[in-house]
Every structure is written in C-alpha cells, then in structure tokens.
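**Q**
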Amino acid sequence: MDDSRIVDLFLSRDESAIAQTSEKYGRRLRSLALHVLEDLSSSEECENDTYMEAWRLIPPNEPRSYLFPFLGRITRHLAIDMCKKRSAAKRSALLCELSDEMEECIPSGADPDSNVDTIVLTDAVNSFLKSLNSEQRTLFIRRYWYFDSVTELSSRYGWTQSKVKTTLFRLRERLRDHLKKEGFEL
Amino acid sequence: MSSLDMLDLIGGIDTAYISESFKETTSRKTISVQRWLPALAACAALIMMIPVISNIFRNKGGYDGPSDGLKEIKSLEFNGCYYEATDVPEALTRYGLPQDLSPELAGEHVSYLVPNGAGYLESAVKTDIELLNYKPCPCRGVYIVNDQGHYYAAVFCNFFLMSDEASIDLSELYRIYGITGAESILSVTETDWHRNNTKGKLVTDRAAVEDFYQITCSLEPNSNSGFQAKVFDGVPEEEQQKKHIAFADDLHMIRIETASGLMFYIELYPNYEWVYASGTLSYYPASQKLLSWAKENL
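Residue numbers (this note's numbering), protein chains in the order written: chain A, 22 to 207; chain B, -14 to 283.
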C-alpha cells in the first residue's frame, strides 16, 4: 500500500493503519532500534511505541511523502531515550562508538550543560549537510541517522573500513568547524 | 549538550536527506563491475530497445489510450513552508487547480531547484528545474515546478513549526493564499472528509462571508501540545483511543475558495468546539459565533 493511503487510514482513525505500517516499515524500524539497543524485545517495544506515537501525531501531521523519515525519527528518538535511561555500562557497543564520535563534533570548550536552541542547531546541521556532496551526505546520514556500522558502510560503498573511518572522521571535523563558525557553544 | 543529545538532534534533519539515503541501498562495490560489464552492456542494449519495440506496437494500433504520465508527489521545503509538487488530477481538483498543467500557468521565476531523494531542494545555482509563480494567482499557496518540461503544481501543505508548542494565527493561512480581507474569499462550503464532494450549502452571500472571515481571524491559536493537554489529558489510557476516534468522527471539513479559484480547507469539530487547520498545524477553540455561523449557513 502506498504511503499516502496509509496516512489516509491514520487520518480516518482506521486501526488497520498500524498493520499496514508495520507490514511496510516494521522490519526497518525494528532494525533501526536494534542497532542502538542490541536487544530484540526492547526493539519491538520501541517499534510498537512508534506506532502509538504515529497514531497520536497523525493528524495533525500528514506525512504522505515522508512517512518513513517521519516514523524513523520517532523510533530513533525512542531508542536513544531508552538508552539514556540505561547506565553507561549497559549501552550497546555501537551506541558507545556513535556517542564517542558525536563528542568530536561538539566544539571544544563547550559547556555540556548549556541550553542550545535545538531548532537553530538542527538548521545548522542541515546547512552543513547541504554543503556536502551527495556521497558524503549519504555516508554521514547512514552512519548517524540510520546507525549503520562501519562494516555495513564499508560493504555498501565498496570501500575499505579504513577509508570509511577516515571519511567519517573528516566529516565530523567539518561539522565541528561548521558549528563553531555558526557560533555554537554546545 | 551531551553527545547522545547531539545524536538525538540529528534525527530532526531534513526529511529529503533521509529519503535520499533511504533510497541509496545498492552496494557501490566497483571491484566486480568489470566482471559483469559485458552482461550489463547487453542488458542496457535490451532496455534501450524497449521504447523502440513499444512504439512499433503502438503504431500498429495496439495501444491508443492516454499516457499514464507521472503519478507521484514530491516534497519541497521552501520559504519556511512544506509543499507537495504533484500532477495527480484528483489532488489538483481539490485545490482548485486546472488538471492540465500547461506552460501558460507558469509565471515569474521564483527559484531553482535540485532533485533530492523524494523531493526537491532549493538551489543557489541555476539548474534545469525551476520554481515559478502560479500565473493566475501569484501567492505562496501554490507554485508551478517546471522539471525539464514536465509541469507540477507545488501545493502549500503547512508551515514548518519549530516545536510542538508553536502555533500560528489563522490569518497567516489566509495570507498564504493572498487573502487579506473577506473580499478575497469567493465562497465557503462543507465537503466530505476526503475533500472531493461538497455536501453543504455554498455560502457566497457577502455579509455571511465577511462574518466568517472576521470570526475565524479572531480565533485564538493553540499548539498541538496545548490542544492535546486540554482535550485528552486526564483521559484514562484505555479510553484514549476511543476518545480520539470520537473526536475524529466529529469532523466537518470546510472548504474556502479564494476569488481566484484556489481552494484550501479547515476542520471544524462542533461537538468538541475546536477548529483545526492542517496548514498551520494549529488548533483553535471554536467560538460560539463560529458554531452559530456554521449552523445557520452550512
């Protein structure tokens, strides 16, 4: 079923919207959560919570042409939130890796408790992504939005793991410089 | 901000980028390409033959119907608003646009665009995709996209709200369609939920239209979270879904037609005394004046 029809089902409060969404995107959403949670039952919980949240958010939202990004955003947020509640020792290896890498994007001397306008910061990240070529942008998003591992990226791009790591490192450096230039003190 | 917050924040990036990466699923391994090159060349030759073969059959009278054309919707984020570029006839009709999107409908140049995943992005440099004003009614409610000779209508969907706490006056929605006074509104009527057929009276009486405009402009905007708190907070979890369905069932779709023929919609929930506009993603408590107006006129 196409996304627009699924959204129509949500809008008319038809419960089959959830079954249709699960059929089309369930596996991908679960896998997105599984990457950071490394625990099948928590991932399934995350997936189910995503449907509940989508039910609550549609309407007013009508993500006809961006249903997967819309659902994925929710899943990501729920999964990260779940991880935040876990102690650092219980976090997945991939999340620890991603978290360390993100640390490098935050300009040095930044106050970890500072209140940053997240909307403005997201805009800055968007403008950073816009400045990248398609390949760099896709690599960055696959790593930090879809949580792909270096091995997966290496196989996807046909690059050596070392090239993937180096490219990601340079992209993180560029993001840090971009944010610094935009005046962010995170 | 912690690194996990930063990772969470990346979740909010532009949907077009996410879609772009979603589609990027094929492996880009180059090592084995040479090995398969002869086979690929043969496939390419076959694919190139398809239009030739199909034309041969068409010319023999095998198929003489209309072209299917592109039946897709592409997203566009432009000037703080979200648009959907489409040439789907049913969608065009809903917004009061002609079904045949000819070059004559294209007005002045607005911007250049680049394809981006499932949609378009604004481009700082000249490209072969152009965003143009809608000539019959240049406004932010609709633009024309000329994608290498194929024309789409980019129809306004909603403002980008910075958070769940934000809300926008209904008068801002009117402004999107160039409405600055009741004289810019041709008619108000009720349609079915799918916005396809009118089901109420067509209100064209000037005094009634003037009242409608004034009343709706004075409605107090509420954010989504404010609305949720007022209507659904305190409802036990097991009854939440039932209450949401009852609310949805109370929907009365109101179509507003501008003097230039464009159409847009707001939703009235009379029993719950709320109005919702998908264009502003905001809710408005329906005043008694509005409820009486709807009862008398629609």
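Where is the CB? At the ideal position from N, CA and C, for every residue including glycine.
Note that the structure is predicted; figures quoted are calculated from it, not measured.
#1: Could you name the residues of the same chain whose beta carbon sits closer than 6 Å to that of residue 242 of chain B, not counting the 5 residues immediately before and after it, in chain order?
#2: Considering residue 39 of chain A, what are the terminal residues of the alpha helix (DSSP H) in which it resides?
#3: Taking only beta-carbon positions, decide if residue 181 of chain B is within less than 7 Å of chain A.
#4: With respect to the alpha helix (DSSP H) encompassing residue 276 of chain B, which residues constitute its N-terminal and C-terminal limits?
#5: Could you check what DSSP says for residue 115 of chain A in three-state terms: helix, strand or coil?
#6: With a threshold of 16 other CB atoms inside 10 Å of the CB of residue 211 of chain A, please say whether the residue is buried or exposed.
#7: Nearest by alpha-carbon distance to residue 77 of chain A: which of A:54, A:39 and A:103 is it?
#8: Could you work out which residues of chain A lie near residue 178 of chain B, taking near to mean beta carbons separated by less than 9 Å?
#9: Could you give the distance in angstroms between the alpha-carbon of residue 263 of chain B and the alpha-carbon of residue 179 of chain A?
#10: When the Cα atoms are used, what is the spatial distance from residue 84 of chain A to residue 222 of chain B?
#11: Counting only C-beta atoms, is residue 64 of chain B closer than 7 Å to chain A at any point?
#12: Name the residue from A:149, A:75 and A:104 whose alpha carbon lies nearest to the alpha carbon of residue -10 of chain B.
#13: Tell me the rounded alpha-carbon separation between residue 183 of chain A and residue 176 of chain B.
#14: Between the C-alpha atoms of residue 229 of chain B and residue 109 of chain B, what's the straight-line distance to the nearest angstrom?
#15: Grouping DSSP H, G and I as helix and E and B as strand, with all else coil, what is residue 22 of chain B?
#16: For residue 167 of chain A, which of helix, strand or coil comes out of DSSP?
#17: Give the residues of chain B in contact with residue 47 of chain A, contact being defined as C-beta atoms less than 8 Å apart.
#18: Over what stretch of residues does the beta strand (DSSP E) that includes residue 66 of chain B continue unbroken?
#19: Could you tell me if residue 179 of chain B is buried or exposed, where buried requires 16 or more neighbouring beta carbons within 10 angstroms of its beta carbon?
#20: Short of 8 Å in beta carbon distance, which residues of its chain neighbour residue 37 of chain A, apart from the five on each side in sequence? Order them along the chain.
#21: Pairs of beta-carbons, one from the segment 130 to 138 of chain B and one from the segment 189 to 199 of chain B, closer than 8 Å: are there three or more?
#22: What is the rounded straight-line gap between the Cα of residue 161 of chain A and the Cα of residue 226 of chain B?
#23: DSSP three-state label for residue 211 of chain B, please.
#24: From residue 114 of chain B to residue 72 of chain B, what distance separates their C-alpha atoms?
#25: Over what stretch of residues does the alpha helix (DSSP H) that includes residue 76 of chain A continue unbroken?
#26: Check the Cβ-Cβ distances between residue 27 of chain A and every residue of chain B, and say whether any is below 7 Å.
#27: With a threshold of 7 Å between beta carbons, is residue 98 of chain A in contact with chain B?
#28: Can you grab the Cα-Cα spacing for the pair residue 210 of chain B / residue 203 of chain B, in whole Å?
#29: Please go through the same chain and pick out, in chain order, the residues whose beta-carbon is closer than 6 Å to the beta-carbon of residue 158 of chain A, but skip the five residues on each side of it.
#30: Per DSSP, residue 94 of chain B forms a beta bridge with which residues?
#31: Helix, strand or coil for residue 270 of chain B? Go by DSSP, reduced to three states.
#32: So who's on the other strand from residue 100 of chain B, going by DSSP bridges?
#33: Output, in sequence order along the chain, the residues in the segment 142 to 159 of chain A whose CB is closer than 8 Å to any CB in chain B.
#34: For residue 103 of chain A and chain B, any beta-carbon pair shorter than 7 Å?
**A** Quick answer:
#1: 171, 172 and 248
#2: 37 to 58
#3: no
#4: 273 to 282
#5: helix
#6: Outside the shown range of chain A (22 to 207) lies residue 211 of chain A, about which nothing can therefore be said.
#7: A:39
#8: 32 and 33
#9: 44 Å
#10: 25 Å
#11: no
#12: A:104
#13: 60 Å
#14: 44 Å
#15: Any reading at residue 22 of chain B must be qualified, since the residue scores a pLDDT of 45, below 50, and its modelled position is unreliable; no value is offered.
#16: coil
#17: Those do not exist, as residue 47 of chain A stays about 15 Å from chain B at its closest Cβ, beyond 8 Å.
#18: 66 to 71
#19: exposed
#20: 30
#21: no
#22: 38 Å
#23: helix
#24: 15 Å
#25: 61 to 78
#26: no
#27: yes
#28: 21 Å
#29: 150
#30: B:117
#31: strand
#32: B:105
#33: 142, 143, 146, 147, 150, 151, 155, 158 and 159
#34: no
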